[in-house]
Amino acid sequence: MDIPLEELAPSTKKSSAQQVHRRDKSEFALHAATKTIESIEETTVAEDPSLPPVDSGSKAWIFCVSACTFETLIWGWNNTYGIFQDYYTSNPPFNRSSSAAVSTIGTASLGIQYIEIIVVISVFQRYPEYAKPAMYVSLFVCVVSLLLSSFATGQFLNSNRLNRSDHFYKLWQLVALQGVMFGLAAGVIYTPVVLWLSEWFVERRGLAGGLIFGGAGIGGLILPLVMGYLLDTVGFRWTLRIWAVVLGACCAIALKGLNPRIPIRRPTMDIPRQPWLPRDISSLKNPVLFFVTGTTIVQALGFFSVSLFIPTFTSSLSSATLPSRIVLALFNATSPLFYIIFGRMCDLYPYPYVILACGIGSALSAFVLWGFASSLSWVFAFSTIFGGLGGAFPSFWPAAASEIGGSRNQITNLAFGCFTVVRGISAIVGPIIAASLHDTSSQAKSVYGGFGFRKVEIFVGSMAVATSFGGLILLFYSQAKRKIQ
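Quick note on numbering: my numbering labels position 444 of the sequence shown as 472, and the sequence is numbered without any gaps.
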């Protein structure tokens, strides 16, 4: 006979409630235990006294210098693509292609490097013994891709059947080699830097990250001038060949100093391989992850639009080629300094202040300096400020990733990978939006937004304002969380 629930004895209802409570309590305990065990496993290995010291010692700083060398050569090279775009659109055999088509070469390389990092992180965390060999193989692929790019002819198979106005097909070799192939290989080379940084530095992680990531600015300062000189002197073919040799030799030397702090162990029956994802991924539900990724998206949309089109704007003010190269060099010149300053600030103060500084400074420079730019001096000032602040924006990533993952390096690395993925997507989408906003039919000076760039400048400034709001949200959230704790 069925017994209505309301007629159950009080003791029966109480017993059922206790069972549910005990089950919830057990699930919570298991969840907490799993998280604690993972943290203890990583902390125990990291604190082994036989290992090199953390945050100090020659090996830690050798790693830092080697990683900075990679950053300078790989990401610094990415920062020079504006020079190649200007050359390709002005010289045969690619000068009949549009700026939008030519820009796919640089955006493909840059976007792929950012986006693939999170995938490569998962692979190398599960198969760490293959990380170093993969770096050597990928370096070889990078060199080969540049060498093959130097033989690009601007022709397509059965090109006589193609419409002569279909200019994108003339770029397919450069897109495939200098863009996709180089981007895939360079991303694999660079990923271990992200993985091993959290092993070598803890208390000084922000400073170390600033020193390493500032290498992109150093390369971005020097390489545009060097590449511009080579392009004028020997053309794009020998420029790519010379750079392939320099990149291969310097990175091969730097690879010697790029090693993990914790020795790589082979999996055993007792200690199997790490799973593809951590056993407990609840930390990835942290609101900080969503706030930071959202802020990174809007910041990168504006930043990469400027990095690609500022040489074009400068060419509208001056027909000489040197100012376009100087403006791109200045765009990258101050980011190493800001990287170090912001990185150290993140070690001492809440990192949302860095986001606020980047957003407010970038917005003012875009709306005022670039908007009213009527001479090269205004453009140079804008490039120096906007490039320095915007270029150093990722300096707070290590601090934000550490807040999300705590002492669990696997979670920290995944969070960092999420930041790079959304930045990579924005690096592709941002220039496309800017190209659609640029009014190429208007090439005259004006009081505000000259040469058809008014909508682009408003878009860039608006993205910087949105970045500031992201910093405010993170600041208020962090303060509220500290009050609760």
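Glycine residues also receive a C-beta, built at the ideal position from the N, C-alpha and C atoms.
When the Cα atoms are used, what is the spatial distance from L258 to F332? Here residue 258 is taken as the residue at index 230 of the sequence shown, counted from 1. Here residue 332 is taken as the residue at index 304 of the sequence shown, counted from 1. Rounded to the nearest angstrom, the two C-alpha atoms are 25 Å apart.
Rounded to the nearest angstrom, how far is the Cβ of S403 from that of K473, given a contact under 8 Å? Counted from its first residue, the sequence shown places residue 403 at position 375. Counted from its first residue, the sequence shown places residue 473 at position 445. Not a contact, Cβ separation roughly 10 Å.
Of all the options F179, C92 and S131, which has the alpha carbon lying nearest to the alpha carbon of P220? Position 192 of the sequence shown, counted from the first residue, corresponds to residue 220. Comparing Cα-Cα distances from P220 to each of F179, C92 and S131, the minimum goes to C92.
Coil, strand or helix - R521 by DSSP: Within the shown structure, residues of the chain are numbered from 29 to 513, placing residue 521 beyond reach of any answer.
Sub-8 Å separation of Q327 and M491 beta-carbons: Within the sequence shown, numbered from 1, the residue matching residue 327 stands at position 299. Within the sequence shown, numbered from 1, the residue matching residue 491 stands at position 463. Yes; because the gap between Cβ atoms is below 8 Å, this pair is in contact.
Would you mind reading off the limits of the alpha helix (DSSP H) that contains R451? Taking the first residue of the sequence shown as position 1, residue 451 is located at position 423. Element bounds for R451: N437 to L465.
Would you kindly work out how many angstroms separate the C-alpha atoms of V514 and S435, rounded to a whole number? A question about residue 514 goes unanswered here, because the residues of the chain that appear run from 29 up to 513.
State the Cα-Cα distance for the pair G104 and R307, rounded to the nearest angstrom. In the sequence shown, residue 104 corresponds to position 76, counting from 1. In the sequence shown, residue 307 corresponds to position 279, counting from 1. Spanning the two alpha carbons is a distance of roughly 37 Å.
Could you say which of I325, L205 and G416 lies nearest to A272 if we only look at CA atoms? Taking the sequence shown and counting its residues from 1, one reaches residue 272 at position 244. The shortest Cα separation from A272 among I325, L205 and G416 belongs to L205.
Between I133 and F318, what straight-line distance do the alpha-carbon atoms span, to the nearest angstrom? Locating residue 133 in the sequence shown gives position 105, counting from the first residue. Locating residue 318 in the sequence shown gives position 290, counting from the first residue. Roughly 30 Å between the two C-alpha positions.
If you count every other CB in all the chains shown that lies within 10 Å of the CB of Y377, and 16 or more means buried, which is it? For the purposes of this step, residue 377 is taken as the residue at position 349 of the sequence shown. When all chains shown are included, Y377 counts as exposed.
I'd like the ranges of any alpha helix (DSSP H) spanning at least 4 consecutive residues and lying wholly in the segment 213–294. 233–241 and 243–283
I383: which of F366, V396 and G247 sits nearest, CA to CA? The residue labelled residue 383 in the question sits at position 355 within the sequence shown. With distances taken between Cα atoms, I383 lies closest to F366.
Nearest-angstrom Cα distance between W304 and Y155? The residue you call residue 304 lines up with position 276 of the sequence shown. The residue you call residue 155 lines up with position 127 of the sequence shown. Rounded to the nearest angstrom, the two C-alpha atoms are 10 Å apart.
To the nearest angstrom, how far is the alpha carbon of R353 from that of I240? Translated into positions along the sequence shown, residue 353 becomes position 325. Translated into positions along the sequence shown, residue 240 becomes position 212. Roughly 24 Å separates the two Cα atoms.
To the nearest angstrom, report how far apart A427 and F447 are at their CA atoms. As a first step, residue 427 must be located in the sequence shown, where it is residue number 399. As a first step, residue 447 must be located in the sequence shown, where it is residue number 419. C-alpha separation (whole angstroms): 12 Å.
Among residues of its own chain, excluding the 5 on either side of F516, which ones have a beta-carbon nearer than 7 Å to its beta-carbon? Here the chain covers residues 29 to 513 and nothing more, so residue 516 does not appear.
Using the three-state DSSP reduction, which class does L521 fall into: helix, strand or coil? Residue 521 is absent from the model: the chain starts at 29 and stops at 513.
Terminal residues of the alpha helix (DSSP H) in which M373 lies: Residue 373 sits at position 345 when you count from the first residue of the sequence shown. Per DSSP, M373 belongs to the alpha helix (DSSP H) from S363 to L376.
Nearest residue (CA-CA) to L283, options A244, L500, M163 and R482: Reading the sequence shown from its first residue, position 255 is the one you call residue 283. It is M163 whose Cα lies nearest to the Cα of L283.
Going by beta-carbon coordinates alone, are T495 and C386 separated by less than 8 Å? Your numbering for residue 495 matches position 467 in the sequence shown. Your numbering for residue 386 matches position 358 in the sequence shown. It is a contact, given that the beta carbons lie within the stated cut-off.
Just to confirm, is the Cβ distance from V396 to L345 under 8 Å? Taking the first residue of the sequence shown as 1, we reach residue 396 at position 368. Taking the first residue of the sequence shown as 1, we reach residue 345 at position 317. No, the pair does not count as a contact, with Cβ atoms beyond the cut-off.
In this structure, does DSSP put R192 in helix, strand or coil? In the sequence shown, the residue the question calls residue 192 occupies position 164. With a pLDDT of 45 at R192, under the threshold of 50, the modelled position of this residue cannot be trusted; read the value that follows with caution. Coil at R192, not helix or strand.
Would you say S411 and L358 are within 8 Å of each other, going by their C-beta atoms? Along the sequence shown, read from residue 1 onward, the residue named residue 411 stands at position 383. Along the sequence shown, read from residue 1 onward, the residue named residue 358 stands at position 330. Result yes, Cβ atoms of S411 and L358 sit closer than 8 Å.
At the level of alpha carbons, what is the spacing between I486 and G478? Counted from its first residue, the sequence shown places residue 486 at position 458. Counted from its first residue, the sequence shown places residue 478 at position 450. Roughly 12 Å between the two C-alpha positions.
What whole-angstrom Cβ distance do V130 and Q113 have, given they're in contact under 8 Å? Locating residue 130 in the sequence shown gives position 102, counting from the first residue. Locating residue 113 in the sequence shown gives position 85, counting from the first residue. V130 to Q113, Cβ: 5 Å. Contact.
What is the DSSP secondary structure of N107, reduced to helix, strand or coil? Your numbering for residue 107 matches position 79 in the sequence shown. Three-state result, N107: coil.
At the level of alpha carbons, what is the spacing between L176 and S166? What you label residue 176 is simply residue 148 of the sequence shown in a count that begins at 1. What you label residue 166 is simply residue 138 of the sequence shown in a count that begins at 1. Looking at the two C-alpha atoms, the distance is approximately 15 Å.
In angstroms with no decimal places, state the Cα-to-Cα distance between T117 and L251. What you label residue 117 is simply residue 89 of the sequence shown in a count that begins at 1. What you label residue 251 is simply residue 223 of the sequence shown in a count that begins at 1. Distance between the alpha carbons of T117 and L251 is about 19 Å.
For P422, count neighbouring Cβ atoms within 10 angstroms of its own Cβ and tell me buried if that reaches 16, exposed if not. For the purposes of this step, residue 422 is taken as residue 394 along the sequence shown, with counting starting at 1. Buried, since its Cβ has 16 or more Cβ neighbours within 10 Å.
Taking the alpha carbon of N107 as the reference point, which residue from G243, L286 and C278 has its own alpha carbon closest? For the purposes of this step, residue 107 is taken as residue 79 along the sequence shown, with counting starting at 1. Checked all of G243, L286 and C278; the closest Cα to N107 is G243.
Mind checking which residues open and close the alpha helix (DSSP H) that includes R154? Taking the first residue of the sequence shown as position 1, residue 154 is located at position 126. Residues S127 to R154.
Among R269, W398, S506 and L212, which has the Cα closest to the Cα of F179? For the purposes of this step, residue 179 is taken as the residue at position 151 of the sequence shown. That would be R269, whose Cα lies nearest to the Cα of F179.
Considering only the alpha carbon of each residue, which of S137, W398 and S94 lies closest to N287? Along the sequence shown, read from residue 1 onward, the residue named residue 287 stands at position 259. Checking every option, the nearest Cα to that of N287 belongs to S94.
Exposure label - Y158; buried when at least 16 CB within 10 Å: As a first step, residue 158 is located in the sequence shown; it is residue number 130 there, counting from the start. Exposed: under 16 other Cβ atoms inside 10 Å.
What are the boundary residues of the alpha helix (DSSP H) that G480 is part of? For the purposes of this step, residue 480 is taken as residue 452 along the sequence shown, with counting starting at 1. That residue, G480, is in no alpha helix (DSSP H); it is neither H nor E in DSSP.
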